[in-house]
Every structure is written in C-alpha cells, then in structure tokens.
Amino acid sequence: MFDVPAPLQSRGMEEYVKTWEIFFQYSKGGPDTFNIVELQVTSGQDVAFAHGIRGIEDSRLRLTVGLTKEEGKWVIAHEHHSYPSA
C-alpha cells in the first residue's frame, strides 16, 4: 500500500496493520468509529474491485479497492482513499 504519512509504502498484512495502528492513535473514537457505507463490488473470476464511502468519526471519504484472487483467496492488490475537495 502507498500512503501519505510514513512509511510511504507498506507490503504484507503485518505492515498494513501497523499503518492503521498509527492512524487510530490520532483518531478520537478509534476503530469503533470506522464504517463503510454504499459499498459496491464488481468481480470476475480472479479480479475484482470495490468502492464505497468510508466513515471515520464525523468525516467521510471515498474508498476504492482492487483485488486479485491468489491461491483461492481474495487479496487486496491496491487500495485508495480520498477526501472530497469540498
């Protein structure tokens, strides 16, 4: 995953989880305030993407995730978050 705060890039589940631990240190409500709404998923046999609105406390942001199927399991290949400009 590529991110704005350090580390710029993380690989694997262990590194990915660490990025969220850092994020939730600065989030007032912690993981309990995190939700995804308006989720839409499009999938093929071995590739899929999903997008929706992610809520964290009082803010909303866009989420897009690209997935690939590896050894019978869906794996996130790309994840993107963005805040609306207004």
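Quick note: the sequence shown uses this note's numbering, first residue 9, plus one each step. All C-beta atoms in this analysis are idealised placements derived from N, C-alpha and C, irrespective of residue type, glycine included.
For Q48, three-class secondary structure by DSSP: Locating residue 48 in the sequence shown gives position 40, where the first residue counts as 1. It is a strand residue.
Nearest-angstrom Cβ-Cβ length linking L71 and G60, presumed shorter than 8 Å: The residue given as residue 71 occupies position 63 in the sequence shown. The residue given as residue 60 occupies position 52 in the sequence shown. Your pair L71 and G60 checks out as a contact, with CB atoms roughly 5 Å apart and the cut at 8 Å.
Other residues of its chain near A85: CB distance less than 7 Å, five sequence neighbours each side excluded: Here residue 85 is taken as the residue at index 77 of the sequence shown, counted from 1. Excluding residues within five positions, the ones whose Cβ falls inside 7 Å are G74, L75 and T76.
Three-way DSSP call (helix, strand, coil) for G80 in this model: Position 72 of the sequence shown, counted from the first residue, corresponds to residue 80. Residue state, collapsed to three classes: coil.
DSSP beta-bridge partners of F42: Taking the sequence shown and counting its residues from 1, one reaches residue 42 at position 34. F42 is bridged to I64.
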